[in-house]
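S.K.: Each protein sequence line maps, in turn, to chains E, H, W and U.
Mapping of the first sequence onto our numbering: position 339 corresponds to residue 329, and the numbering continues sequentially without gaps.
Mapping of the second sequence onto our numbering: position 431 corresponds to residue 421, and the numbering continues sequentially without gaps.
Mapping of the third sequence onto our numbering: position 135 corresponds to residue 125, and the numbering continues sequentially without gaps.
Mapping of the fourth sequence onto our numbering: position 328 corresponds to residue 318, and the numbering continues sequentially without gaps.
4 protein chains.
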Amino acid sequence: MNKIITGEDYINSLKNRKLKVYLLGELIENIVEHPMIRPSINAVAETFDLALQEPALATAISPFTETRINRFLHIAQTRDDVVLQNKMQRRLGQLTGTCFQRCVGMDAFNALYSTTFEIDKKYNTDYHQKFKAFIANMQSQNFVIGGAMTDVKGDRSLAPHQQVDPDLFVHITKRTHEGVYITGAKAHQTGCLNSHWLLVMPTIRLTENDKDYAIVGAIPVDAEGITYIYGRQSCDTRSMEGGNIDVGNAQFGGQEAMVILDNVFIPNELIFMNGEYEFASMLVERFTCYHRRSYVCKSGVGDVLIGAAATIADFNGAEKASHIKDKLIEMTHLNETIFATGIAASYQSKPTLSGAFMPDDMLANVCKHHVTKMPYEISRLAQDLAGGIVVTLPSEKDFKSETVGHLLEKYLKGKAEVPTEHRIRILRLIENMTMGRNAVGYLTESMHGAGSPQAQRIQIARQMQIDFKKQLAKALAGIEKDKKKILVSEISDYFGRVFDVNV
Amino acid sequence: MNKIITGEDYINSLKNRKLKVYLLGELIENIVEHPMIRPSINAVAETFDLALQEPALATAISPFTETRINRFLHIAQTRDDVVLQNKMQRRLGQLTGTCFQRCVGMDAFNALYSTTFEIDKKYNTDYHQKFKAFIANMQSQNFVIGGAMTDVKGDRSLAPHQQVDPDLFVHITKRTHEGVYITGAKAHQTGCLNSHWLLVMPTIRLTENDKDYAIVGAIPVDAEGITYIYGRQSCDTRSMEGGNIDVGNAQFGGQEAMVILDNVFIPNELIFMNGEYEFASMLVERFTCYHRRSYVCKSGVGDVLIGAAATIADFNGAEKASHIKDKLIEMTHLNETIFATGIAASYQSKPTLSGAFMPDDMLANVCKHHVTKMPYEISRLAQDLAGGIVVTLPSEKDFKSETVGHLLEKYLKGKAEVPTEHRIRILRLIENMTMGRNAVGYLTESMHGAGSPQAQRIQIARQMQIDFKKQLAKALAGIEKDKKKILVSEISDYFGRVFDVNV
Amino acid sequence: MNKIITGEDYINSLKNRKLKVYLLGELIENIVEHPMIRPSINAVAETFDLALQEPALATAISPFTETRINRFLHIAQTRDDVVLQNKMQRRLGQLTGTCFQRCVGMDAFNALYSTTFEIDKKYNTDYHQKFKAFIANMQSQNFVIGGAMTDVKGDRSLAPHQQVDPDLFVHITKRTHEGVYITGAKAHQTGCLNSHWLLVMPTIRLTENDKDYAIVGAIPVDAEGITYIYGRQSCDTRSMEGGNIDVGNAQFGGQEAMVILDNVFIPNELIFMNGEYEFASMLVERFTCYHRRSYVCKSGVGDVLIGAAATIADFNGAEKASHIKDKLIEMTHLNETIFATGIAASYQSKPTLSGAFMPDDMLANVCKHHVTKMPYEISRLAQDLAGGIVVTLPSEKDFKSETVGHLLEKYLKGKAEVPTEHRIRILRLIENMTMGRNAVGYLTESMHGAGSPQAQRIQIARQMQIDFKKQLAKALAGIEKDKKKILVSEISDYFGRVFDVNV
Amino acid sequence: MNKIITGEDYINSLKNRKLKVYLLGELIENIVEHPMIRPSINAVAETFDLALQEPALATAISPFTETRINRFLHIAQTRDDVVLQNKMQRRLGQLTGTCFQRCVGMDAFNALYSTTFEIDKKYNTDYHQKFKAFIANMQSQNFVIGGAMTDVKGDRSLAPHQQVDPDLFVHITKRTHEGVYITGAKAHQTGCLNSHWLLVMPTIRLTENDKDYAIVGAIPVDAEGITYIYGRQSCDTRSMEGGNIDVGNAQFGGQEAMVILDNVFIPNELIFMNGEYEFASMLVERFTCYHRRSYVCKSGVGDVLIGAAATIADFNGAEKASHIKDKLIEMTHLNETIFATGIAASYQSKPTLSGAFMPDDMLANVCKHHVTKMPYEISRLAQDLAGGIVVTLPSEKDFKSETVGHLLEKYLKGKAEVPTEHRIRILRLIENMTMGRNAVGYLTESMHGAGSPQAQRIQIARQMQIDFKKQLAKALAGIEKDKKKILVSEISDYFGRVFDVNV
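Take a look at the structure:
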């Protein structure tokens, strides 16, 4: 296969693969042309086109190949690399109005890069070297990588090895000289069908008894033994109705599927962890650290929704009301908070032992935690500005109908100079983003992706250095008067990074 | 036609009417059997069945006919009548999980009852008498009444008579000895197809130049000249897919359509306002006063969603986590706030000149204003408890499929003792209520029904008696020391009701 | 002593008592004339004057004496009695801008009334009869009653009998034929010095080992063995500086003190529980049920603060800005939510076995829970409208100074027609209510009085009938299809009251 | 005078100045030893001591003198310089628990540096050169600079030249060959008495008629013609009572005074704007841009309050309750949001024409806007954790009293191993920060400093590029399909900075 360059190349690269994909109870022959799937492919294709149009933003020079590569395949060498991820993510959110599905792979790449380094350091293994070779290969082809982490989990109160059905977490079922075979299922796999390779990783902290679950490896999306079952989304079948209005955003959408692995083979050279169970938590935590601040993308999606809300206010002739303006300001304030907290995490990045840079984990969690709330409030305000018509609008077919189309044209007229269809299109976009297909990505995925709200609270609790803060209070309350002030260079963990003078 | 008694009678009463209804571009022959429409009919049918099962809650003795009638057709004779409306509304919200569409008619009946009384008092007209006759007739048949108020409005900055197209507000186009002809369109008409009669009313404050718009009258739903265009709802076509899982709530739904009136005739005896433009605002304000506190129904719907969220936590084995319990408490706290503020408005009812009781307008607005926010937060928390699976779940057809059904059965297993299908059903109910069909009623209708948030803020501002409060502050600040304390009996308006000792 | 009629009578009745009161390290001879204490006495005096001015609001006919008595001493005979408590409380909040300290006694009276009835029913004791006699006596004198519940508690993880120091909860130290002796301390005693009698009650659920702690009795405020230590409040000493501006609210304030009981005697006829430990929780829960919705008073205080904020906006010439108006609306919306949820609890009152009416416990908790947040937000908005000057204003002495007074007069001028002193007075009132003396009552007491926020969440959890709600959800999800609908008359607890058709 | 090095040097430098300072109606001879003033001096002294202990954090190399100087006197040469300001501010917030008063001068220095550069560029004046000389002089002495911007403003609806009294904004009253004389008053002057020099600046956008108001210059704090009137703070006189417990934070406090200028002379070489009225808005906007993100200091103060809340939970034995831990997490989440949004603004700094770096104005406003709310919520939660005792605690004098001290020791005991005095000290610190002296800085100054909430909303509105966002929405809605995608390098203003690839 030739190296993928353009979005079109990418779309072509997905054709003619032998995948077992089920959707609405049927086996899908051609995912590329399926109207329910295509918008999600288009969204990934934007990551290629952006790299061509904006190389400084969306590409980087690979330290492994010394060639220019897509930033989604790049290991962050500097703090600026981490920051530029966020900038690229916001721009892609603006251009697609949805999830462009390539961040999981990017964040998995970076997390695994430093984790394999540290496994090797401890065990003298060669995972890091093998992983670098894999990265270089992916970069040379410009492939899309899916990060397959979330297991289906079964009974949440039991560890992997304790489950009645051992397959409820992906695990090794057979070991040969050539490699291993794995079985299990990964849920909510964003963009999996649109990827070329999957990086399979454990999803939680593991113990010695879970050794067979401590497996990381790369498998091609069309590997033998994989079945994909496509997830339903709100209003998903509208894309099969033939029009392009009621879908709201005709071009772009997200994708999530369940990936079922039935004795899928991973050859030795593509195995990057194999039994080193104590590193599972490091991998998960580093992945979520990168990924939680990757939700800066939602500020780009938010830009679209704010724009849509402002547009419908214009079309309704209500744009000058002070409460309308005030709501747009509030939406912006919230949206920029997502951006600011995420990019602050990126700017506060520090190098790992491997040299790759990693964002600040506290601020990454603060960012993601806002993302579990603010898009919902932005969405609520967008519905406020839209008016009730956003949920009572007749169908595109009625608008196009010879019998009643003219009635709707007459009675849905807002401002004289605005075509009724434009008003309807913006309303359908708002519906799409607040309760339709892209609400899945903008809202519910914002809630649960990279960990549900409580996961962030736990991580914030771990890092909040409450003892350090108690010392501050006790000193000022006169309880501990004579303590010498601690030097900032002696402060560790989060506050060590806060007060790191090497900005 | 025989008097309608049961829900089944009601459903039968809707058959064989000659309506011009368009849905997805097609003329619908039989609305009763249409899978997209039927759930909304079922919801109205519940208002009949509840009256049979719970007469004390859902019926009353008519002062006009001295027979027992459905409470939705009753003019509130006492404060308790107003309170019992709320209790009935919450119960119906619990039983249907959606909008049961009969409140608009009830609230229009009550508002128009006292308004016609006051028009007659001023102009010596006979609207009130005619309206009482109409009410008695409706009661004797147990008909469903739709209140048709919201015009399409065109350019929001222009009065009705100023619009380029005069039809953008419903108005009289012709007057004869027998009655009047009206033209225009009413948007977002909740339950209109499911009604037997429509009460057409103006939607805003009118001035002398808008006299032709000051028309109130009753028309049968199947009157000549009416075209209905059915509104799309999120995920609406799922009800046409054949299953009963993916729809989430297979039995009940809401309904909103656009009603287009093309020279529809109203005979004199069914005209209840005709040119008395200065009473338009009284009618609108009284209607919204009743209707804003009718949103107590959403606390009943909220009960269902809280129950669904608690159930999925059980099914996931997460019910003991303190943060889960805390979120259920928060949802309850919010939900009961809706109930409490609404029922407080009802309890603080006062009689109008006509003798009919009307809720407290300040508290009704406080209630509705919470309704524009709290269901969104309850919904967000429900999605939090549901987990990401609520938006990535494969289709019912996949679950039922011979090829992959067993895989989903295996991998979507939660707690051992819970059937996988039950888990899926609850997840689909949560999807239905937070982004699917019933999210339309639970969220967006909560935002915009009975007036958008800003409408409540304006009404709160009108009633907040800021001068009275300034006096209180000035007295305590020592600015106005010598003022004698005002007697509570001398306090008027809202605080007059607050301090009314005749509880 | 003559029966107390007027506020002045009341103030006189406090003179010449032999109390051991410590304040700022000194024994106070004359609490009535002490400038730091007097404002709290004035606030209680208002409860007498209001009864004279507004008998319908602030008095009732005693069923025991058949004479007109102050409502604070009345046992609620009807739902309307409970509602009128709230109306009276809001009015007194408006008139004093602070805590008028008489609700604890009223709520303790009512809670103890029904609890003694139920103890007697079980044990055939005569507490209820004795308590009625005590009530009649208090009514005949129009005394002020303090309810002494909150123990100092020591180590929160230990039960009363487990504490190293047994005195950390009030308990019986000696029993004689004539009565019992008690020792311990009650913290945060609102208005205790301003009362004539204290009702001592346990503060938590007790077990068999805590029998000596299960003591309820009445003691005169000047009983032998009591020491009072007055609590400091923010800015308390300003009242000793001589002016009347910097204090903000010169006339009224709150009062809280610690009451230390050293072998204080209670004669048999004034003992209303003695060892029936299992009724301690009933007493506490009924008291908090009444008391949590008594915080409706804060909506009256909120009226003053909203008025002050509106006034300062006027004085600054900023009253027409849309954001100013919008903030006043928001403050009102929040303030009325407190009122509405509280009065809804009162309207939903039901009779206890004793015949006395008790508010709805769920709604009472919803009310109080809002009170732990909304006054803080109202206060924040008041500071927003006030401008920074509210915390940088020079002192009254500077304004009155010959040297610099004219400079302040010149430079603190706002609108030409408003005297500078008026502007300063309103600013000082806002300071008083948001961070000064009356912020203690308006904010922190709103947080912790009648139980801290978590106490309400626990009580809401107890009453939220989550299983009932799960059934609603399961029915609509199609999990439990064939269940017959439950009759509302078969629903118990909270929803039993919600759907009680005997409004 | 020798160069100031240590905090002690600084304190000495304030002695023996001839200032006219009024406080509580009296002329203060010695501000340094005045117990109400000294804590504010101590807070400034910390900025000197920190520079000694943490030179990398709190000093920089001056480009003008090439020597190491205090960072508060440094003109930001790089983005890192801007970021390090924030890091230093958070640390000082942690160490003092209050406002350390030196940021206004730092931010004024930086804003004026670039503004004078741009005035000179337009008018060929020499302000920039003169200002650099002034800076070098201040650096060589390590002086404290106060930025005097906020005029008293009089009638807010009138421009400076329209006021009845022309002195309500500071203006030139006389011009001579040697310089100018100015008259007027500056309100809310943080740390003015603790400064050595004041930079007088206009406070609003000016027009041609306001030319006499377009004056910027430096004056020594002890210049002839200045009168200072000290602002009262909540609980201010506690510092005069003799103890060190009830004050809460005995060592540190803030300071605000009114500065009245009566024909104060500014020599030509210290004039940095003189009539170039159109640059007033540039100066104000740049100053607020720096200053709004300087409120990152409040995250340091927040660290102390979170520590105090955690400590009191420990002392009460409540630290293990899940709701306690959850509230500490929430406080941290809010507190870190302040930090993250502020430091994001600093990291996104860009150079001005003068070469000095300036933060991102949108993000600076987002930061400050959060600061107007989040400290209030953190404060509310701290009061929640503290318990009601925080406002009912008896006085230090009672604790120390021979008569009742032992009773308080006994009854205020919490956990056995914690000295009662420690518990009291932490409670007093919480009172101090949430309603006492340092609440002035932590809350009300957070609300109004650097502009009240509405000022930030206006600035966010100016920068939100709503047309750009509308384009994004229209493109995705299919309204404007054929538009070529704009290059990020062609995007200007805020999004130009967002997408600037030169990180």
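Where a beta carbon is used, it is the ideal one built from N, C-alpha and C, also for glycine.
Here the structure is a predicted model, which is why all the values come from computation and not from measurement.
Do you know how far the Cα of N355 (chain W) is from the Cα of Q179 (chain W)?
M.R.: Locating residue 179 (chain W) in the third sequence gives position 189, counting from the first residue. Locating residue 355 (chain W) in the third sequence gives position 365, counting from the first residue. Distance between the alpha carbons of Q179 (chain W) and N355 (chain W): 21 Å.
S.K.: Assuming V94 (chain U) and G136 (chain U) form a contact by the criterion Cβ under 8 Å, report the distance between their Cβ atoms to the nearest whole angstrom.
M.R.: As a first step, residue 94 (chain U) is located in the fourth sequence; it is residue number 104 there, counting from the start. As a first step, residue 136 (chain U) is located in the fourth sequence; it is residue number 146 there, counting from the start. Contact flag correct, Cβ pair sits at about 6 Å.
S.K.: State yes or no: is the C-beta of A463 (chain W) within less than 8 Å of the C-beta of V294 (chain H)?
M.R.: Numbered from its first residue, the third sequence carries residue 463 (chain W) at position 473. Numbered from its first residue, the second sequence carries residue 294 (chain H) at position 304. Cβ distance < 8 Å, so A463 (chain W) and V294 (chain H) count as in contact.
S.K.: When you compare only the Cα positions, how much space is there between I314 (chain W) and R418 (chain H)?
M.R.: For this step, residue 314 (chain W) is matched to residue 324 along the third sequence. For this step, residue 418 (chain H) is matched to residue 428 along the second sequence. Those two C-alpha atoms are separated by around 44 Å.
S.K.: Based on the DSSP output, what are the partners of T173 (chain E) in its beta bridges?
M.R.: Translated into the one-based positions of the first sequence, residue 173 (chain E) becomes position 183. E:H161.
S.K.: Nearest chain E C-beta to Y171 (chain H) closer than 8 Å, yes or no?
M.R.: Indexing the second sequence from 1 puts residue 171 (chain H) at position 181. So, not an interface residue.
S.K.: State yes or no: is the C-beta of D483 (chain U) within less than 8 Å of the C-beta of Q449 (chain U)?
M.R.: One-based indexing of the fourth sequence puts residue 483 (chain U) at position 493. One-based indexing of the fourth sequence puts residue 449 (chain U) at position 459. Not a contact, by the Cβ cut-off of 8 Å.
S.K.: With the cut-off set at 8 Å, would you say P349 (chain U) and A330 (chain U) are in Cβ contact?
M.R.: The count along the fourth sequence starts at 1 and reaches residue 349 (chain U) at position 359. The count along the fourth sequence starts at 1 and reaches residue 330 (chain U) at position 340. Result no, Cβ atoms of P349 (chain U) and A330 (chain U) do not sit closer than 8 Å.
S.K.: So, under 8 Å CB-CB, G15 (chain W) and K387 (chain U) are touching, yes? Tell me the CB distance rounded to an integer number of Å.
M.R.: Position 25 of the third sequence holds residue 15 (chain W). Position 397 of the fourth sequence holds residue 387 (chain U). Sure, about 3 Å apart at Cβ, within 8 Å.
S.K.: Per DSSP, what are the beta-bridge partners of P210 (chain E) in this structure?
M.R.: Numbered from 1 along the first sequence, position 220 holds the residue referred to as residue 210 (chain E). Bridge partners of P210 (chain E): E:W187.
S.K.: Can you find the residues in the same chain that come closer than 7 Å, C-beta to C-beta, to A50 (chain E), ignoring five residues on each side of it along the sequence?
M.R.: Indexing the first sequence from 1 puts residue 50 (chain E) at position 60. Hits under 7 Å: I59, R61, H64 and D71.
S.K.: Quick check: the region 69 to 83 of chain U against the region 223 to 240 of chain U, are at least 3 beta-carbon pairs closer than 8 Å?
M.R.: With a cut-off of 8 Å, the region 69 to 83 of chain U and the region 223 to 240 of chain U do not count as touching, because too few Cβ pairs lie within range.
S.K.: When you compare each of U:V206, U:I256 and U:A346 to A213 (chain U) by their alpha carbons, which one comes out closest?
M.R.: Within the fourth sequence, the letter at position 223 stands for residue 213 (chain U). If we check each option's Cα against that of A213 (chain U), U:I256 comes out closest.
S.K.: For Y12 (chain H), report the span of its alpha helix (DSSP H) as first-last.
M.R.: Position 22 of the second sequence, counted from the start, is the residue given in the question as residue 12 (chain H). Segment V11 to L13 is the beta strand (DSSP E) holding Y12 (chain H); no alpha helix (DSSP H) there.
S.K.: Run down chain W in chain order and give the residues with a C-beta less than 8 Å from the C-beta of A549 (chain H).
M.R.: The question about residue 549 (chain H) has no answer here: the residues shown for chain H are numbered -9 through 493.
S.K.: So, A303 (chain H) versus L371 (chain H), is the Cβ gap smaller than 8 Å?
M.R.: For this step, residue 303 (chain H) is matched to residue 313 along the second sequence. For this step, residue 371 (chain H) is matched to residue 381 along the second sequence. In this structure, L371 (chain H) does not lie closer than 8 Å to A303 (chain H) by Cβ.
S.K.: Anything in chain E within Cβ reach of R146 (chain H), meaning under 7 Å, just list it in chain order.
M.R.: Taking the second sequence and counting its residues from 1, one reaches residue 146 (chain H) at position 156. Near R146 (chain H) (Cβ distances below 7 Å), the residues of chain E are N306, G307 and A308.
S.K.: To the nearest whole angstrom, what separates the beta carbons of I321 (chain U) and A346 (chain U), a pair I think is in contact under 8 Å?
M.R.: For this step, residue 321 (chain U) is matched to residue 331 along the fourth sequence. For this step, residue 346 (chain U) is matched to residue 356 along the fourth sequence. The question names Ile, but residue 321 (chain U) in the sequence shown is Met. Not a contact, Cβ separation roughly 35 Å.
S.K.: Which class does G567 (chain E) belong to by DSSP, given the choice of helix, strand or coil?
M.R.: Any answer about residue 567 (chain E) is impossible in this case: the structure gives chain E only from -9 up to 493.
S.K.: Quick one: Cα of Q241 (chain W) to Cα of E470 (chain H), how far?
M.R.: Against the third sequence, residue 241 (chain W) aligns to sequence position 251. Against the second sequence, residue 470 (chain H) aligns to sequence position 480. One C-alpha to the other measures close to 13 Å.
S.K.: Which residues of chain H have a Cβ atom closer than 9 Å to the Cβ of S224 (chain U), listed in chain order?
M.R.: Stepping through the fourth sequence from its first residue, residue 224 (chain U) is reached at position 234. None at all; the shortest Cβ gap to chain H is about 17 Å.
S.K.: What is the residue span of the alpha helix (DSSP H) that D304 (chain H) lies within?
M.R.: Reading the second sequence from its first residue, position 314 is the one you call residue 304 (chain H). Looking at the DSSP string, the run of the alpha helix (DSSP H) that includes D304 (chain H) is C287 to N306.
S.K.: According to the Cβ coordinates, are F90 (chain U) and A33 (chain U) closer than 8 Å?
M.R.: Position 100 of the fourth sequence, counting from 1, holds the residue named residue 90 (chain U). Position 43 of the fourth sequence, counting from 1, holds the residue named residue 33 (chain U). Against a cut-off of 8 Å, the Cβ pair of A33 (chain U) and F90 (chain U) comes out as a contact.
S.K.: Roughly how many angstroms lie between the CA atoms of P29 (chain E) and L85 (chain E), to the nearest whole one?
M.R.: Position 39 of the first sequence, counted from the start, is the residue given in the question as residue 29 (chain E). Position 95 of the first sequence, counted from the start, is the residue given in the question as residue 85 (chain E). Looking at the two C-alpha atoms, the distance is approximately 13 Å.
S.K.: Does D351 (chain U) have its Cβ less than 8 Å from a Cβ in chain E?
M.R.: By 1-based counting over the fourth sequence, the position of residue 351 (chain U) is 361. Not one chain E Cβ lies under 8 Å of D351 (chain U).
S.K.: Taking 8 Å as the cut-off, decide whether the C-beta atoms of T217 (chain H) and K10 (chain H) are in contact.
M.R.: Against the second sequence, residue 217 (chain H) aligns to sequence position 227. Against the second sequence, residue 10 (chain H) aligns to sequence position 20. Against a cut-off of 8 Å, the Cβ pair of K10 (chain H) and T217 (chain H) comes out as a contact.
S.K.: For A138 (chain W) versus M191 (chain W), is the C-beta spacing smaller than 8 Å?
M.R.: Walking along the third sequence from the start, residue 138 (chain W) turns up at place 148. Walking along the third sequence from the start, residue 191 (chain W) turns up at place 201. Yes; because the gap between Cβ atoms is below 8 Å, this pair is in contact.
S.K.: One question on the structure: do I172 (chain W) and T166 (chain W) come within less than 8 Å of each other, judged by their Cβ atoms?
M.R.: Here residue 172 (chain W) refers to the residue found at position 182 when the third sequence is read from its first residue. Here residue 166 (chain W) refers to the residue found at position 176 when the third sequence is read from its first residue. Their beta carbons are not under 8 Å apart, which means I172 (chain W) does not touch T166 (chain W) by this criterion.
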